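Colleague:
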Amino acid sequence: MTSRTMLWLLFVVNAAGTVYGYIWYGKQIEYTMNHNPLWQVVFVPDSPTASLFFTIALLFLLFPKKGTPSAAYIGVRSIIEALAVLTSFKYGIWAVTMIAAGGAQGDPIVWQHYMLVVSHLGMAVEGLLFVRFMIFGRTAAIIALMWMLLNDMLDYSAGIFPWLPSELDDDLDAIRNFTIGLSIITLLVTNLTLKFRKV
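Each step along the sequence shown adds one to the number in UniProt numbering, with nothing skipped, and position 139 is 139.
(1) Quick one: using the 10 Å Cβ neighbour count with 16 as the cut-off for buried, is residue 80 buried or exposed?
(2) When you compare only the Cα positions, how much space is there between residue 160 and residue 40?
(3) In the structure shown, what three-state DSSP assignment does residue 3 receive?
(4) Assuming residue 51 and residue 17 are in contact, meaning their beta carbons sit under 8 Å apart, how far apart are those beta carbons, in whole angstroms?
(5) May I have the straight-line CA-CA distance separating residue 30 from residue 22, to the nearest angstrom?
(6) Excluding the 5 residues flanking residue 61 on each side, which residues of the same chain have their C-beta closer than 7 Å to its C-beta?
(7) For a test of the three-state rule: what should DSSP assign to residue 135, helix, strand or coil?
(8) Would you kindly check if the distance between the Cβ of residue 85 and the Cβ of residue 43 is under 8 Å?
(9) Is the stretch 165–177 close to the stretch 98–113, with three or more CB pairs under 8 Å?
(10) Quick one: is residue 66 buried, meaning 16 or more other Cβ sit within 10 Å of its Cβ, or exposed?
(11) Going by alpha carbons, who is nearest to residue 118 out of 91, 136 and 135?
(12) Using a Cβ-Cβ cutoff of less than 7 Å, which residues in the same chain neighbour residue 147 once the five nearest sequence positions on both sides are dropped?
(13) Compare the Cα-Cα distances from residue 191 to each of 155, 128, 74 and 174 and report the closest residue.
(14) Output the boundary residues of the alpha helix (DSSP H) element that contains residue 60.
(15) Report back the beta-carbon spacing between residue 5 and residue 89 to the nearest angstrom; my notes put them in contact at under 8 Å.
(16) Pop quiz: residue 144 and residue 179 are said to be a contact at Cβ under 8 Å. What is the actual Cβ separation, rounded to whole angstroms?
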């Protein structure tokens, strides 16, 4: 799984997905810039940013540090890796759940939905599979949790959560609670997965 061929393939796929994701969020990013404080834009494109973190994390595996790494390097790498794993798992599961919930309430399911389901399930799976090859620990994972909870708070207080089908408009309280709960579950799942790490 950590052969250079596999890592480069995943890097290209994740980088392409990141670019596509930011384009996908283009209208919501533009809307947020026009109606909200500019700094909140950072918290709008959840899945593309998760994919961006994972793409950067792959670079650490592709180009391992020679010699003894500095504390600063270890700290930065650990936080990026934790953000990569936790946000990839969380938003992968979240997106698939929202698509299924929308479909169950009458939102027409089209081919783009199937594409999103496959890509987001891939995000969740690759996040967990690569935990064992990364160096981050529980402290960095908690920092990633704090980032996700901040994102959750802003999503549902400032109204910058990913645009949902209209069929889910009357379920926002439940979606908010699910989203926050999923952040915590993600930390628990990651902590369990850390036990099987190889580094």
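Beta carbons are placed, not taken as given, at the ideal position from N, Cα and C, and that holds for glycine. None of these values were measured; they are calculated from a predicted model.
Modeller: Per the coordinate set shown:
(1) buried
(2) Distance between the alpha carbons of residue 160 and residue 40 is about 8 Å.
(3) coil
(4) 5 Å
(5) 11 Å
(6) The beta carbon of residue 61 lies closer than 7 Å to those of 2, 7 and 133 in the same chain, with the five residues before and after it left out.
(7) coil
(8) Taking the C-beta atoms as reference points, residue 85 is found no nearer than 8 Å to residue 43.
(9) yes
(10) exposed
(11) 91
(12) 83
(13) Distances from the alpha-carbon of residue 191 to those of 155, 128, 74 and 174 put 128 closest.
(14) From DSSP, the alpha helix (DSSP H) with residue 60 extends over 46–62.
(15) Taking a contact as a CB-CB distance under 8 Å, the pair residue 5 and residue 89 does not count as one, their CB atoms being some 24 Å apart.
(16) That belief does not hold up - the Cβ atoms of residue 144 and residue 179 are roughly 15 Å apart, past 8 Å.
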